[in-house]
Amino acid sequence: QRYEYLAKLMQKDYNAYIQTASFLSPSRIPRKELPNLQDVPIDKNSVSSTTVILTAEDGSTPLVADCKLEDMKYEENPLDKLLLSIFRKLVAKNTGGVVS
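Using my numbering, the letters of the sequence shown map in sequence onto residues 133 to 232.
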């Protein structure tokens with residue numbers, strides 16, 4: 133029921149929602165129970181000491197840390213080539229001869 137009230141407040145007056153959500157979270161209700169976390173400041177005391185919080189250059193906006201993914205090497209297979217050629221022919225046919 134609280135979630136619905138906060139969602140209605142957010143639709144009616146977004147600034148009032150931000151103020152209310154900032155007051156309620158995290159000391160009174162868990163942050164995950166808010167309908168929208170955008171623009172709700174993070175309480176640095178409620179975050180574990182191992183969590184890294186990045187901020188924008190001006191120090192105001194919390195950012196998500198970059199993740200490390202391995203580079204993936206793409207290799208075309210014969211089915212990909214066939215389907216791509218069929219798709220390109222259909223596009224050229226249906227667009228009056230536009231080709232890539």
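C-beta: ideal position from N, C-alpha, C; glycine also.
Cβ-based burial, residue i [other Cβ within 10 Å; buried from 16]
i	result
Val223	exposed
Ala157	Position check: residue 157 holds Ser in this sequence, whereas Ala was assumed. Under this definition Ser157 is a buried residue.
Ala153	buried
Tyr135	exposed
Nearest-angstrom Cα separation, counted from residue j out to residue i
i	j	result
Ile218	Glu207	19 Å
Lys225	Lys205	32 Å
Tyr146	Asp198	29 Å
Pro210	Asp203	23 Å
Tyr137	Leu166	10 Å
Leu215	Gln170	42 Å
Beta-carbon contacts of residue i that lie in its chain and below 7 Å, excluding the five residues immediately before and after
i	result
Asn168	Met142
Below-8 Å beta-carbon distance, residue i vs any chain C residue
i	result
Pro167	No chain C is part of this structure, which consists of one protein chain only.
inquiry  = Just to confirm the assignment: which complete alpha helix (DSSP H) runs, minimum length 4, are found wholly within the stretch 201-230?
reply    = Whole alpha helix (DSSP H) segments, 4+ residues: 210-226.
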